[in-house]
Amino acid sequence: MNVDIKMLSERLADFGPKLFLKDEKSTLIRAPKLFGSQIGELNPEYIYVGRLSALPEFPPDGACVNVLCIEDVAFSEILIEKNNINLLLLKGGSALEEVFNIIQDIFVSSQEMLGNAPRFLDSLVHGRGLQHIIDIGYELLKNPIVLFDTKSNLIAHSANIETDDPLNSELLKNGRLSTETINFIWATDHQKSLNNRRYPYYFKSEKLKYNRIVGNIYNDKKKVALMVVWENERPFNEKDLDLVAQLCEIISSEMQRSEFYRNMKDVLFESFMSDLLDGKTTYVEPVIKRLGSMDWKLKQNLYLMVIDISLFDSTYMEISRIRDTIEPMIKDCKAFIYNNYVVALVGRDDKNFRPKAEMNDLMRFLRDNSMVAGVSNSFKNLADIRVFFKQALKAIELGGHIADEVIFPYEEFQLFRLLEICSSQESLTHFCHPVVFELLDYDRENNSDYAKTLYSYIANGLDSSYTAGAMHTHRNTVLYRIAKIKEQFNLDFKNGEQIFHLMLSFKILGFLDRLHFEL
2 MNVDIKMLSE RLADFGPKLF LKDEKSTLIR APKLFGSQIG ELNPEYIYVG RLSALPEFPP
62 DGACVNVLCI EDVAFSEILI EKNNINLLLL KGGSALEEVF NIIQDIFVSS QEMLGNAPRF
122 LDSLVHGRGL QHIIDIGYEL LKNPIVLFDT KSNLIAHSAN IETDDPLNSE LLKNGRLSTE
182 TINFIWATDH QKSLNNRRYP YYFKSEKLKY NRIVGNIYND KKKVALMVVW ENERPFNEKD
242 LDLVAQLCEI ISSEMQRSEF YRNMKDVLFE SFMSDLLDGK TTYVEPVIKR LGSMDWKLKQ
302 NLYLMVIDIS LFDSTYMEIS RIRDTIEPMI KDCKAFIYNN YVVALVGRDD KNFRPKAEMN
362 DLMRFLRDNS MVAGVSNSFK NLADIRVFFK QALKAIELGG HIADEVIFPY EEFQLFRLLE
422 ICSSQESLTH FCHPVVFELL DYDRENNSDY AKTLYSYIAN GLDSSYTAGA MHTHRNTVLY
482 RIAKIKEQFN LDFKNGEQIF HLMLSFKILG FLDRLHFEL
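Numbering (the working numbering), first residue to last: 2 to 520.
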């Protein structure tokens, strides 16, 4: 958290501060120092604190110096003209010791805030987005956080928002505050004056269920957003204002880094989608409206593609860059970042979505960068998105164990998911057809491929030509092996139940990694 003379002026509001700036670029401060009649060597990174009556002359040709004085004698602006100083003047009667101790506490708190810096820096460097910063802030403040733009549109918020607060319900349902609510919040002249403060402030009203801390977020001199923390999980303490100030600075950096203005629609969309996936809200209307504002009409059939980037070295590419690279590779999709995954909401007017067949560029990108993707089944209602996100993750988990691919459609692994659930109740080998075990034993003893031939024959619809092509062997060889299997093991390939049992057995053994060939 940066400390400057403007922030000190706001923090010392109870002492009637007046601020006179000679050089706005010289306001950043690292430490306070008391002065008497002799001030010694000057350091522009200090703020010199004392009584106006003891203020020495400052060299007019030196660097601009920050000074805080208690007005114990009459003040004249000629003092500013004669000295190269930024002056913060406090009303007469203020106790010097009390003021200095408050300033010392501010700098101590600023040093303590440095302990949070590595987590925030990691979020900024790797482009994890505003939501990730808000989540860190919630862990530190242990109270809910909401971030608005200047038009009172919801940008992001933390988990555990009290739904019995009318303001929270309005936010979650509509994605913004109404004009009536905004007018109520800023009804008093006192609040209007606080509206442009750079340092966070307390917002209290008998009409509100919870007290708030409000922090304004600036890009240079322009206010771009508003952060609100409310006091409903634990009481506020003295350090919370400093922590909110630090969060506002980090969020400001993120907004500038991510070209916030140009990407505002995407940020809001990402926030709404994160809320749906976190279960914070079931309102899908804000998402649909946001998609419409991005000229993306919701298709009849939806899919989630979840891209796992955990094995990718993100040192040289931010997550946001990965998202922006992947999105154009997928037809009719909107991509966003969620919990360190890149998630693509894919729309299709029909159910003919074949990701591995139509996404060669994406598959090449994933393979080159050590990434994999899971694809959910088709769904129609955005409110069900959590179920299908879990499907995509499960496809990645199962596919990584079974197939040497980079895209794993859940529909190819549904049976394995069923087997995974059943395996907790009983040994899956008990459900296998005994002929499969006998064939595997025969192959081991005779160095043959009868089990693989039977599996390929069933998988290819009992078509010997397709089987021969899949196994890269002659059709007559396939016919010979199938005839021998049929005769030796008394199999009836016209019996659908038997064919299903055999295929299920191969799938079970493939899931258990008990086959010497890939399914």
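Just so you know, even glycine gets a beta-carbon here, dropped at the ideal spot from N, CA and C.
Note that the structure is a prediction, hence the values are computed from the model and not measured.
Assigned with DSSP and collapsed to three states, D24 falls in coil, not helix or strand.
Positions of the beta strand (DSSP E) runs, each at least 3 residues long and wholly inside the segment 320 to 399, are given as 334 to 339, 342 to 349 and 373 to 376 in order along the chain. For C70, the number of other beta carbons within 10 angstroms of its own is at least 16, and it is reported as buried.
Taking the Cα of R324 as reference, the smallest distance to any Cα among L520, I104, M372 and K300 is reached at M372. Look at R177 here: in three-state DSSP terms it is strand.
In the three-state reduction of the DSSP assignment, V437 falls in the helix class, which pools H, G and I. Every unbroken stretch of the alpha helix (DSSP H) spanning 4 or more residues and falling wholly within the segment 462 to 514 is given here in chain order: 465 to 472, 476 to 490 and 497 to 512. Beyond the five residues adjoining it in sequence on each side, L480 comes within less than 7 Å, by CB distance, of S465 in the same chain, given in chain order. In this structure the segment 250 to 258 lies against the segment 220 to 227, because at least three pairs of beta carbons, one per stretch, are closer than 8 Å.
Within the DSSP secondary-structure output, V50 pairs in a beta bridge with L35 and L69. Residue range K223 to W231 is occupied by the beta strand (DSSP E) that includes A226, with no alpha helix (DSSP H) assigned at that position. Bridge pairing for D5: L29 [DSSP]. Between P60 and I48, the gap from beta carbon to beta carbon reaches 7 Å or more.
Relative to I134, the option among S153, F121, L141 and G37 whose CA is nearest is F121. Within a 10 Å sphere around the beta-carbon of R445 sit fewer than 16 other beta-carbons, which makes this residue exposed.
In the DSSP secondary-structure assignment, A75 is not bridged to any residue. If you draw a straight line from the Cα of I6 to the Cα of S95, it comes to about 18 Å.
I107 and V50 do not touch by the CB rule: their CB atoms are close to 12 Å apart, not below 8 Å.
Only buried fits F16, as 16 or more other CB atoms lie within 10 angstroms of its CB.
By alpha-carbon distance to V436, the top candidate from Y451, S425, S424 and I422 is Y451.
Linking H158 to F149 through their CA atoms gives a straight-line distance of about 9 Å. Within the same chain, no residue comes within 6 Å of E113 by CB-CB distance, once the 5 residues on both sides are set aside.
Per the coordinates, the alpha-carbon of Y219 lies some 42 Å from the alpha-carbon of S379. If you check the CB distance, K508 and L416 come in under 7 Å. For the options L131, L441 and G37, the alpha carbon positioned closest to that of N340 is the one of L131. Look at K300 here: in three-state DSSP terms it is coil, with no helix or strand label. A straight-line Cα-Cα distance of about 11 Å links E99 and L13.
Per the C-alpha coordinates, the member of N117, P57, E78 and N3 positioned closest to K23 is E78.
Approximately 19 Å separates the beta-carbon atoms of A358 and V307; this is outside 8 Å, ruling out the contact. Distances from the alpha-carbon of L346 to those of G511, E319 and I289 put I289 closest.
For L56, no alpha helix (DSSP H) encloses it, and the DSSP letter there is neither H nor E. For R235, same chain residues with a beta-carbon under 8 Å away, outside a window of 5 residues either side, are K143 and N144 in chain order.
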